[in-house]
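Notes follow the structure.
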Amino acid sequence: MTERAKTPEAQASVADAPKGNWVDLYAPAALRPYLRLSRADRPIGTWLLLLPCYWGLWLAAAADPAGIGWRDLWIFAGCTIGAAVMRGAGCTWNDITDREFDAAVARTRSRPLPSGQVSVRQAVAWMTLQCLIGAAILFTFTPMAIALGVASLALVAIYPFAKRFTWWPQFFLGLAFNWGTLVAWAAHTGSLSLPPVILWVAGILWTLFYDTIYAHQDKEDDALIGVKSTARLFGDDSSRLWLTRFLIGSVSLAALAVIAALIEAGSVWPMALGLLGVMLFGWHLRWQLARLDTTDTENCLHLFRSNRDAGLILALFLAGAATV
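What follows is the structure in structure tokens.
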């Protein structure tokens with residue numbers, strides 16, 4: 001740990017973390033910089049990575065005549081733990097690659113790497129530890145799920161660089177953050193088919209929706225340091241139109257995935273519950289859009305965080321479809 005990491009300033013809360021979070025209040029001081037690297041002080045990202053896993057698992061179980069089995073409880077637990085550690089590893093990798101950008105932005109310069117709380121070598125070691133935990137969980141799944149999980153590392157590696165070469169880094173985030181839909185489906189079924197792929201694409205459009213909202217917080221700083229985003233690409237005037245397109249596309253494809261997965265089951269209630277979940281998911285996105293003010297950073301952050309509830313609605317209804 002560097003000398004700077006021992007100062008009160010280095011141990012203080014990160015500027016863009018929620019005030020009074022559990023890391024600042026309860027975590028041992030020596031662990032706080034590493035937990036902050038993993039964004040443990042702001043769990044919304046873990047939720048947004050985890051919820052597509054739940055979608056894939058419960059839709060697969062709903063489409064399976066055998067329904068939910070005991071192994072699904074381990075898949076559920078494994079996805080939960082795996083999402084936490086792999087989100088932490090991904091955030092650590094993102095901070096390693098973005099440390100110079102973060103140092104130039106007021107909202108992020110207090111993060112562990114640009115503030116000197118940890119060194120790059122320490123961050124790499126922490127990232128490796130989290131990846132090893134994730135791998136230990138992944139290798140208890142089916143061979144297809146393992147192959148998909150390993151393939152996701154390429155998406156995770158590419159994402160931090162996307163904002164340097166494309167105006168659509170949110171698309172690359174969507175590819176990675178919704179990959180768990182495919183992994184969880186394959187963990188239950190042992191194979192891959194069209195419905196989870198459709199649901200994955202629906203999730204990508206959902207990510208474009210919520211992360212464009214998030215990116216509006218940083219568009220002025222991003223313009224100064226040359227970082228690209230869909231928020232900058234669309235601007236304040238066109239963002240609402242694009243977000244509407246993402247909303248419609250995400251909801252339509254999610255409904256199509258439910259229909260494609262459950263049509264052969266011939267049971268009314270699973271289909272009805274799944275489609276009701278999709279409808280309420282879409283309603284939540286519409287609620288966000290009605291309240292969006294892209295010039296108000298607090299408004300954007302609040303709406304971004306509310307996507308935990310949007311994704312959880314769909315997950316709960318798909319779980320219901322798997323149990324009836």
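Every letter in the sequence shown is one number past the one before it in the numbering used here, and letter 127, counting from 1, is 127.
The beta carbon of each residue, even a glycine, is placed where N, CA and C say it ideally should be.
Given the structure is predicted, the values throughout are model-derived calculations rather than measurements.
Cβ neighbours of residue 319 in the same chain (closer than 6 Å, five flanking residues each side left out): The residue labelled residue 319 in the question sits at position 319 within the sequence shown. Around residue 319: 58.
C-alpha gap between residue 214 and residue 152, whole angstroms: As a first step, residue 214 is located in the sequence shown; it is residue number 214 there, counting from the start. As a first step, residue 152 is located in the sequence shown; it is residue number 152 there, counting from the start. C-alpha separation (whole angstroms): 23 Å.
Residue range of the unbroken alpha helix (DSSP H) whose run includes residue 219: In the sequence shown, residue 219 corresponds to position 219, counting from 1. Counting along the chain, the alpha helix (DSSP H) containing residue 219 begins and ends at 219 to 225.
Distance between residue 287 and residue 259 (C-alpha atoms, nearest Å): Along the sequence shown, one-based indexing puts residue 259 at 259. Along the sequence shown, one-based indexing puts residue 287 at 287. For residue 259 and residue 287, the distance between alpha carbons rounds to 25 Å.
Residue of 238, 119 and 205 minimising C-alpha distance to residue 253: Against the sequence shown, residue 253 aligns to sequence position 253. The option with the nearest alpha carbon to residue 253 is 205.
Length at least 4, wholly inside the region 143 to 209: the alpha helix (DSSP H) runs in chain order: 143 to 165, 169 to 177 and 180 to 189
Burial state of residue 157, where buried means 16 or more other Cβ atoms lie within 10 Å: Translated into positions along the sequence shown, residue 157 becomes position 157. Exposed, by the Cβ-count rule.
Beta carbon of residue 274 nearer than 7 Å to that of residue 321: For the purposes of this step, residue 274 is taken as residue 274 along the sequence shown, with counting starting at 1. For the purposes of this step, residue 321 is taken as residue 321 along the sequence shown, with counting starting at 1. Yes, the Cβ-Cβ distance between residue 274 and residue 321 is below 7 Å.
Cβ contact (3+ pairs, closer than 8 Å) linking the region 75 to 82 and the region 214 to 229: no
Status (buried if at least 16 other CB within 10 Å, exposed otherwise) for residue 296: Against the sequence shown, residue 296 aligns to sequence position 296. By the 10 Å Cβ count, residue 296 comes out exposed.
Of the listed residues 68, 138 and 159, nearest to residue 96 (C-alpha basis): Taking the first residue of the sequence shown as position 1, residue 96 is located at position 96. Of the candidates 68, 138 and 159, the one whose C-alpha sits nearest the C-alpha of residue 96 is 159.
8 Å contact criterion, which residue 47 and residue 308 should meet: CB distance rounded: Against the sequence shown, residue 47 aligns to sequence position 47. Against the sequence shown, residue 308 aligns to sequence position 308. Rounded, the Cβ-Cβ distance is 4 Å, consistent with contact.
Close beta carbons around residue 250, own chain, < 6 Å, minus the five adjacent residues each side: For this step, residue 250 is matched to residue 250 along the sequence shown. Counting only Cβ-Cβ distances below 6 Å, and skipping sequence neighbours, we find 202, 205 and 206.
With 16 other Cβ atoms within 10 Å as the buried cut-off, status of residue 68: By 1-based counting over the sequence shown, the position of residue 68 is 68. Buried, since its Cβ has 16 or more Cβ neighbours within 10 Å.
Spatial distance of residue 6 from residue 284 (CA atoms): If you number the sequence shown from 1, residue 6 lands on position 6. If you number the sequence shown from 1, residue 284 lands on position 284. Since pLDDT at residue 6 reaches only 41, below the 50 mark, its modelled position is unreliable, and the value read off the structure follows with that caveat. If you take the alpha carbons of residue 6 and residue 284, they lie about 44 Å apart.
Where the alpha helix (DSSP H) through residue 284 begins and ends: Against the sequence shown, residue 284 aligns to sequence position 284. Start and end: 268 to 291.
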